[in-house]
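Numbering (UniProt numbering), first residue to last: 1 to 96.
Okay, structure coming up:
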């Protein structure tokens with residue numbers, strides 16, 4: 001209420017609604033509560049996405065390490081194959 005005792009008017013689009021100061025304060029509190037809940041949901045979503053990113057980065061690093069290991073193992077086995085192939089070729093040529 002203003003000093004003359006009439007209710008406050010808040011424009012809402014083309015219509016004007018008569019709202020008491022109590023109703024206005026209640027609405028402000030609802031807005032604050034809704035905004036706080038929104039910020040909390042947003043922060044939780046951000047934490048979730050960051051957690052997913054960290055997990056994916058760990059997976060990527062693990063796969064990279066595994067790939068390096070397999071490449072080294074392949075190189076070693078290929079070298080062993082080449083050595084054994086040469087020995088086999090030498091043995092076959094001695095039998096002829």
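Just so you know, even glycine gets a beta-carbon here, dropped at the ideal spot from N, CA and C.
Separation of residue j from residue i, as counted between CA atoms
i, j, result
"residue 50", "residue 56", "10 Å"
"residue 47", "residue 53", "10 Å"
"residue 94", "residue 87", "11 Å"
"residue 25", "residue 40", "22 Å"
"residue 62", "residue 44", "27 Å"
"residue 42", "residue 66", "36 Å"
"residue 23", "residue 38", "22 Å"
"residue 34", "residue 18", "23 Å"
"residue 58", "residue 83", "38 Å"
"residue 90", "residue 71", "29 Å"
"residue 21", "residue 36", "22 Å"
"residue 81", "residue 64", "25 Å"
"residue 74", "residue 92", "26 Å"
Under the three-state DSSP convention, the category residue i falls into
i, result
"residue 36", "helix"
"residue 87", "helix"
"residue 96", "coil"
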